[in-house]
Every structure is written in structure tokens, then in C-alpha cells.
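Everything below concerns the one structure shown next.
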Amino acid sequence: MSLRKEIERRRTFAIISHPDAGKTTLTEKLLLFGGAIHVAGAVKSNKIKKSATSDWMDIERQRGISVATSVMGFEYDDYKVNILDTPGHQDFMEDTYRTLTAVDSVIVVVDIAKGVEPQTRKLMEVCRMRKTPVMIFVNKLDREGKDPMEVLDELEDQLQIAVRPLSWPIDMGERFKGVYNIYENCLDLYKPSKQSVTESVHMDIDSPEIEKHIGDKLATQLRDDIELISEVYPDFNTEDYLAGDLAPVFFGSALYNFGVKELLDCFVEIAPSPRSVQAEERRVDPYEEDFSGFIFKIHANMDPNHRSCIAFVKVCSGKFERNVNYKHIRFNRQMKFSSPTAFMAQKKEILDEAFAGDIVGLPDNGNFKIGDTLTSGENLHFKGLPSFSPEMFKYIENADPMKTKQLQKGIEQLIDEGVAQLFTNQFNNRKIIGTVGQLQFEVIEYRLLHEYGAKCRWEPISLYKACWIESDNPAELEEFKKRKYQYMAKDKEGRDVFLAESNYLLMMAQQDFKNIKFHFNSEF
Ligand code: GDP
């Protein structure tokens with residue numbers, strides 16, 4: 003198959019949702035269709051269940067599950083589908099943000115009873131920022147939930163994206179009959195089954211056959227609904243979807259495997275194949291012959307005796323091959339890889355080649371950090387791995403003076419892996435760790451001890467946000483830094499960051515320094 007054909011048939015995406023909406027269940031059903039697994043229950047949830055009794059090894063073990071399910075590739079029709087898993091726990095939200103930089107599109111799962119939940123809203127902000135095409139699956143129709151019309155309004159309002167239903171539910175809960183597939187004009191009747199594939203009957207919405215299947219009352223209701231939808235929502239337009247401006251919506255029940263095939267069939271047809279990726283130097287087209295890619299995730303081995311990691315590379319262009327020399331741009335050094343891995347469903351296997359859109363796992367002993375670029379030779383630096391302002395901050399201090407070096411190395415490597423963010427205060431040189439949640443501090447402490455033999459201690463610091471600052475007015479910037487010297491820090495790339503103690507102080511700073519821009523993420 004030609005390079006172009008190989009790349010065109012790839013669909014690389016992530017499923018995102020608030021925990022418990024049904025991401026794992028949907029993933030599993032997609033894998034069933036791909037023939038990648040054969041029984042339900044084969045995909046382990048990578049949810050981290052924090053209980054009073056769980057120790058950190060337990061968390062690491064739970065986190066480890068996500069190595070196996072980090073990327074799930076399978077063949078479906080003529081397509082190669084790559085699903086990138088995202089951690090459900092909100093303390094690991096940054097992992098999810100980064101994963102979103104490696105996908106070409108996203109499926110959002112929403113629970114019909116709960117509607118849009120906070121984590122979905124946050125993740126959607128990142129999709130909007132990157133103009134990622136989004137499809138929505140409204141799940142759990144086998145249970146009672148909100149009115150589907152209301153859910154559409156809620157999606158539009160809270161996710162700030164135009165929506166267009168491409169399937170429509172016929173009743174719900176115990177009375178759930180199925181969906182009318184607007185995209186394909188067929189009636190899909192619901193047969194509760196956790197394993198089997200649904201059958202659908204082609205049927206125009208005006209066909210009297212519909213009455214035979216769902217009765218007069220529901221048929222009338224369905225026609226009214228479909229008419230209303232066509233009046234309220236513009237016709238579905240693939241271009242708007244690809245531009246990230248319009249989200250097609252499907253309804254179903256992942257648990258009972260209903261509406262999933264409809265979603266998948268439409269998805270492979272309209273979802274984008276690998277798209278061009280912006281490097282600092284230029285835009286890189288996936289169909290270029292030369293290989294290029296970037297590291298978007300590093301996963302530590304669970305075995306504390308072997309400090310090895312897997313670095314996940316998103317192939318941005320061309321073809322990656324085993325045992326071929328590639329340039330590690332930051333090191334300006336050639337490297338080749340004898341055992342790169344592919345992730346086909348549950349199995350990790352050595353791969354010989356991979357194409358733009360694919361994810362390759364490289365065994366790593368500290369050579370890589372998040373954002374590193376590999377190429378066939380050209381000096382490229384891929385952009386678009388933003389850091390967001392953390393929510394929680396703590397000073398990290400050495401608790402064992404004999405292990406200063408180990409602590410330093412440990413912190414450096416964990417930060418390179420993207421476990422948390424590091425800011426160095428310019429005033430007192432103290433190191434501040436910023437996280438999304440408490441769990442990250444605990445993971446750092448545990449890993450420093452078990453992998454580096456270093457002991458750390460946390461000290462409180464009360465901060466509201468970290469803001470990356472810039473200005474067209476160098477004099478004002480200098481003046482600001484001088485005035486706020488106690489609150490100025492450098493991030494790991496050496497960029498200037500203002501540590502705002504409170505929203506009020508931030509507002510004051512914004513008022514006093516009109517020519518300075520304060521950003522809550524590093525990609526501006
Ligand atoms: P995740 O946290 O988003 O990965 O959610 P899971 O896939 O683990 O699902 C959370 C819970 O919801 C589990 O108990 C599932 O069995 C259940 N669930 C998922 N999909 C459905 C569905 O379509 N209908 C019903 N009734 N339950 C579902």
C-alpha cells in the first residue's frame with residue numbers, strides 16, 4: 003500500500019468524559035467491533051480508586067494498567083483506528099491535556115442523566131483551543147435521563163459548540179426502543195445485549211413500517227422530533243465538523259452495545275485522517291516522505307528496580323522504521339531503536355514500521371522529555387504542548403541532606419516526564435511544584451523515594467495561579483519584575499512566570515501594568 007493510502011486510512015482519536023460516563027465501556031465496545039477483543043470485560047478501567055487503605059504502590063499499579071491500555075489500535079473495514087486512552091482521575095488531567103495534542107479528533111461521552119459535567123467542560127476547552135473535531139456520544143439511554151432536546155441545549159451551551167444530532171432516541175429507560183439513525187436513514191431497534199452487534203433496518207422516516215416496529219404513538223412522536231430537529235438545526239456539514247465548529251451527536255447505550263456501531267461507522271467515514279502539524283519552523287504535512295514525530299507522554303515502569311520508561315511518539319509525517327537512525331533534535335544526536343512497540347488492542351508488540359497518525363512506544367532510560375522531536379534529519383521543533391496553570395502549589399524541600407543529588411535528579415526527571423510542573427522562585431531560589439491535584443504530590447514523593455532513594459518534604463505556599471507573562475514594552479516588563487520580585491519564578495523552560503497569591507492581587511497587577519499580558523497557559 004502506498005504511503006498516502008496508509009496514512010489516509012488512519013483515524014487517531016481520544017475518548018474523553020467525566021469519570022463514570024462510560025468511556026471504558028465504549029472503548030471496549032469499539033474494540034469488540036474491531037475484533038481486537040472477543041469478550042466484554044476485557045478492557046480494564048484505568049480509573050484510580052483512592053480509598054483509605056490504598057498505598058502508593060497500589061496507585062502505581064492502578065496507573066500501570068493504563069500502560070497496557072494507553073493506545074489501542076485495531077483494524078475496522080479498511081481503516082486503522084488508534085484510540086488513545088486518557089486517565090479518568092482529575093488529578094492526572096495534565097496527562098489528558100497532553101494526549102489531546104497527539105490526536106486528530108475526539109469523541110466526548112456524556113451521561114444522559116448527568117448531562118455535561120465539570121471535567122468534560124474543562125477538556126472541551128482544550129479541544130476548542132486546538133480546533134479539534136469533536137463527536138458526542140450521549141450514553142446510558144437504557145436508563146432514565148434528561149430530555150434529549152434539553153441535553154442538546156446543554157451541550158451547545160456548556161461545551162460552547164454547535165451541535166447536530168445524527169441519531170435520535172426513541173424513548174428511554176425501560177421503555178427505550180432504539181434510535182432513528184438520521185445519518186443513514188434507518189431504524190435501529192434496541193435489543194439489550196452486552197456482546198452482540200445491533201441489527202438495523204433501512205427505513206425512511208415517512209415509511210409506514212416504522213409504526214409496525216414502534217407503534218403509532220412513538221412513530222408520531224419520532225416524526226415530530228425529527229421534523230423539529232431539521233427545523234432547529236442546520237443540515238449536517240462535514241466541513242464544519244472538521245473545522246471544530248460543529249459536533250455531531252449520537253445517542254445509545256455503551257453497556258448494551260447499542261448505537262455504538264452507528265457511531266463507529268460514521269466516525270471512520272467523516273473523522274479526519276492525520277492532519278498537518280505545526281512545528282516552530284514550518285507546518286509539517288503527514289504525507290511527507292521523511293519521518294518526524296514528537297513525544298507526548300512518558301510512562302514510568304512500575305518496577306522500581308528498573309527505572310525504565312516508555313516514551314510515546316506520535317508519528318507526524320512519513321514512516322517510522324525499526325533500527326533506522328533518527329535525529330533526537332534536543333541532543334543533536336542520532337538514535338535508533340531496536341524494540342519499538344505498537345499497541346494493538348491489549349498486546350504490546352515489536353513493530354517494524356509505523357505511519358503518520360500512529361503511536362510508537364520507545365523504551366527509554368531518561369533520554370526523552372515531553373515535547374522532544376525526532377526526525378529523519380531536519381531540524382524541527384513541534385509546538386503545541388501547552389502547560390496550564392496548576393491548581394495547587396507546594397515548596398519541595400530536601401529531607402535527607404545525604405541525598406541532595408538524587409533528589410535533584412529525581413525532580414528533574416519526573417518533571418521531564420510531565421508528572422507535575424516546576425517553578426523556581428527567583429527571589430529565594432526555592433523550588434515550587436505545581437499540580438492539578440493532591441495525588442500528584444503523593445506520587446512524586448513515593449517515586450522519589452522508591453526510584454531515586456531521595457526523601458522530600460512539602461512546605462505550604464499559598465498561591466492562586468501561575469501566569470506566564472509577556473509584554474511589547476520591555477521597560478514595563480522589567481519594572482513589573484522588579485516590583486514583584488518576590489513572586490517571580492522561572493518555569494522549566496526558563497520562561498517568566500508571575501505567581502499570583504490571589505485573584506485580587508492578580509487583578510491589581512493587571513490594572514497597574516496595562517501593557518503586560520497575563521496568560522494561564524504557556525501556549526500564547
Ligand atoms: P468511565 O469512568 O467513563 O470509563 O466509565 P465506565 O465505562 O467505567 O462506566 C461507569 C459505570 O457506568 C459502569 O458501572 C458501567 O457499567 C456503567 N455504564 C457504562 N455505560 C452504560 C450504559 O450504556 N448503560 C448503563 N446502564 N450503564 C452504563
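Going left to right, the sequence shown walks through residues 3 to 526 as the numbering used here numbers them. Beta carbons are placed, not taken as given, at the ideal position from N, Cα and C, and that holds for glycine. Since the model is a prediction, treat every value here as computed from it, not as a measurement.
On the DSSP bridge assignment, give the partners of residue i in chain order.
| i | result |
| --- | --- |
| M490 | F500 |
| V286 | V279 |
| Q336 | K329 |
| P462 | K396 |
| G363 | F314 and T343 |
| L376 | G295 and H330 |
| K467 | A502 |
| P250 | R166 |
| S391 | BP columns for S391 are empty, so no partner. |
| F15 | I85 and S107 |
| F322 | A356 |
| G117 | D113 |
| E351 | A344 |
| E96 | According to DSSP, E96 bridges with nothing at all. |
| S473 | I518 |
| F579 | Absent from the model: residue 579. The displayed extent of the chain is 3 to 526, so no value can be given. |
| S255 | F260 |
Starting from residue i, trace the alpha helix (DSSP H) in both directions and tell me its first and last residue.
| i | result |
| --- | --- |
| Y78 | No alpha helix (DSSP H) holds Y78; the beta strand (DSSP E) holding it covers V73 to Y78. |
| S232 | E211 to V234 |
| I272 | V262 to I272 |
| I9 | L5 to E10 |
| A477 | P476 to R485 |
| F238 | Premise fails: F238 is in no alpha helix (DSSP H) and is neither H nor E. |
| V153 | P150 to L161 |
| F443 | Q440 to Y454 |
| G412 | T406 to E419 |
| K31 | K25 to F35 |
Could you tell me if the beta carbon of residue i falls within a distance shorter than 7 angstroms of some heavy atom in ligand 3?
| i | result |
| --- | --- |
| A115 | This structure simply doesn't include ligand 3; it includes ligand 1 instead. |
Just mark residue i as buried or exposed, buried being the case when its beta carbon has 16 or more other beta carbons within 10 Å.
| i | result |
| --- | --- |
| T27 | buried |
| R459 | exposed |
| M510 | exposed |
| S4 | exposed |
| E10 | buried |
| R166 | buried |
| Q440 | exposed |
| L230 | exposed |
| V111 | buried |
| R13 | buried |
| A502 | buried |
| S53 | Since pLDDT at S53 reaches only 44, below the 50 mark, its modelled position is unreliable, and the value read off the structure follows with that caveat. Exposed, by the Cβ-count rule. |
| H204 | exposed |
| S19 | buried |
| S275 | buried |
| S56 | Low per-residue confidence applies at S56: pLDDT is 44, beneath 50, and the placement is therefore not dependable, though the value from the model is reported in the following sentence. That one is exposed. |
| I352 | exposed |
| D80 | exposed |
| M337 | exposed |
| K407 | exposed |
| N239 | exposed |
| M137 | buried |
| M404 | exposed |
| S68 | Note that S68 scores a pLDDT of 48, beneath 50, so its modelled location is shaky; the value from the coordinates is reported in the next line. That one is buried. |
| G320 | buried |
| K31 | buried |
| E233 | exposed |
Between which two residues does the beta strand (DSSP E) harbouring residue i extend?
| i | result |
| --- | --- |
| Y328 | Y328 to H330 |
| L168 | From DSSP, L168 is part of no beta strand (DSSP E); its letter is neither H nor E. |
| F139 | V136 to N141 |
| A302 | S294 to A302 |
| G436 | K433 to T437 |
| G426 | A quick correction: the sequence has Thr, not Gly, at residue 426. From DSSP, the beta strand (DSSP E) with T426 extends over Q423 to N427. |
| H521 | I518 to H521 |
| V105 | No beta strand (DSSP E) holds V105; DSSP gives it neither H nor E. |
| E355 | E355 to F357 |
I'd like to know whether the C-beta of residue i is nearer than 8 angstroms to at least one C-beta of chain B.
| i | result |
| --- | --- |
| I172 | Included in the structure is just one protein chain, with no chain B present. |
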